[in-house]
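Working notes, beginning with the structure itself.
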Amino acid sequence: MGTTAKLGTSTSKHLRMPFFSPLELKDKVAGKRGIVSILFGREDVGLLNDELKLCDLVVSIPTSQGYPVMNLSHAVAVILYDLSDVTSGTLELARVEDRERLYMQLKTFLDEIGYREHKKAKTLLMLRRVLGRAELTTKELQTLQGIISKAEWRIGAVDEK
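Each step along the sequence shown adds one to the number in UniProt numbering, with nothing skipped, and position 134 is 134.
And the structure:
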């Protein structure tokens, strides 16, 4: 997950990036098992948009409109404080490597079906965001991969396994 102070809007309205508060983030990670990575940006410019695109979730600390940014060390302290009493649970989410393989499979599939080139990058970003919010388990991810593989076989793009 990434952090940002800027709640900007996308130039393309169909690409939404919901922002979670630290307390909402706490609810999202509670009861899950595994590793959670939190990406903080640089002190002067924060995270770049290209870096935020790689994040499954984005968290933003609510501050005043007059001064909407925080010192990096303070932002880290607020988020870590809110997460400090979270306990792990039994729900194990799909690993990052497996999710990345799914994203590559989706990219290949869009190529195979002749998806419009000028729409491909935005569509892949949208899929990444939706699937990131979905908190897929390994079984759910494998089911999606199976559906894509079957569709590829049906259109003759690959041999059936």
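The beta-carbon is built from N, C-alpha and C at its ideal position, and this holds for glycine as well. Bear in mind the structure is a predicted one, so any value in this text is a computation, not a measurement.
In this model, P22 and W153 are separated by some 43 Å (Cα to Cα). Excluding residues up to 5 positions away in sequence, E152, I155, A157 lie with their Cβ nearer than 7 Å to the Cβ of E112 in the same chain. In this structure, L39 and T3 form a Cβ contact; the two beta carbons are roughly 7 Å apart against a cut-off of 8 Å. Note on V58: 16 or more other CB atoms within 10 angstroms of its CB, so buried under the neighbour-count rule. By the criterion of at least three beta-carbon pairs nearer than 8 Å, the stretch 60-72 is not in contact with the stretch 112-131. Using a 10 angstroms sphere on the CB of A94, the tally of other CB atoms reaches 16 or more, which defines it as buried. Residue state for F109 is assigned as helix, using DSSP reduced to three classes. In the DSSP assignment, S73 falls within the unbroken alpha helix (DSSP H) covering 72-83.
A Cβ-Cβ separation of about 7 Å places L131 in contact with R99 under the 8 Å criterion. In the structure shown, G132 adopts helical secondary structure according to DSSP, grouped into three states. Relative to the Cα of R42, the nearest Cα in the group G34, A77, L72, K53 belongs to L72.
Between A121 and S60 a beta carbon distance of about 24 Å is seen, past the 8 Å cut, so the two are scored as non-contacting.
In this structure, DSSP gives E92 an extended state, which the three-state scheme calls strand. Leaving aside the five residues that flank I147 on each side, none in its chain has a CB nearer than 6 Å to its CB.
Nearest neighbour of T138 by Cα position, chosen from L102, D50, L127, turns out to be L102. For S149 and H74, the gap between their C-alpha atoms comes out near 46 Å.
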